[in-house]
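Adding 1 to a residue's 1-based position in the sequence shown gives its number in the working numbering.
C-beta: ideal position from N, C-alpha, C; glycine also.
Keep in mind it's a predicted model, so treat the numbers as computed, not measured.
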Amino acid sequence: MAVFSYFIDSAHSSYYIHYGASKDDDQRIVTAFRGLIYADPNTGEISRIKFEAVDIPRTFPVTATSEVLDYDMTDISGQQFVVPLAAKLYMKAGRESTKNEIEFRMYRKYDTGSTIKYDLDPNAPPPPALPNSATEEKPPTTAPSKRENPWVLPTAPPPPPQ
């Protein structure tokens, strides 16, 4: 296993830390991070990525975060793919520590399964061309209106004489 160490400074980072105990206390920062990438030196297949936030401002409620993503080959519809298998997220804010474990499973391939077949007889004559009248634009036809205002309701006939 080859292990690569990396560091991304905050100017080039897109690693957000979000903290909010309530709507009024919603805070978010972008921070630098560092980590390790574990890969097979022969295939380049990545098996693990670890990273942790660095240089978190002391005024921010979160004091430490780290993540571990594990990957492996998984069969999807008869083919092998490298996919995420699990993630573990750790965060420390004051005296609180949290751990979030995520498992990825039951990968499936989704498709419509439709096919298009052209099974015309190659010796058959071509179909006739469409006439121009079938594709030319025609002016709209409207039925003449009996009433001038379509929103006016007709009046009721007078009652029969008594």
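Host beta strand (DSSP E) of residue i (start-end)
i	result
residue 45	Segment: none, residue 45 is in no beta strand (DSSP E) and carries neither H nor E.
residue 64	63-77
residue 3	3-9
Residue i vs residue j beta-carbon contact at 9 Å
i	j	result
residue 9	residue 63	no
residue 100	residue 89	yes
residue 87	residue 103	yes
residue 42	residue 3	yes
Residues that residue i bridges to, as DSSP identifies them
i	result
residue 85	72
residue 19	29
residue 35	8 and 53
residue 103	88
residue 94	63 and 97
Counted within 10 angstroms of its Cβ, other Cβ atoms place residue i as buried (16 or more) or exposed
i	result
residue 5	exposed
residue 66	buried
residue 116	exposed
Among the options, nearest to residue i - alpha-carbon criterion
i	options	result
residue 68	3, 59, 16 and 82	16
residue 93	140, 53 and 74	53
residue 75	60, 109 and 130	109
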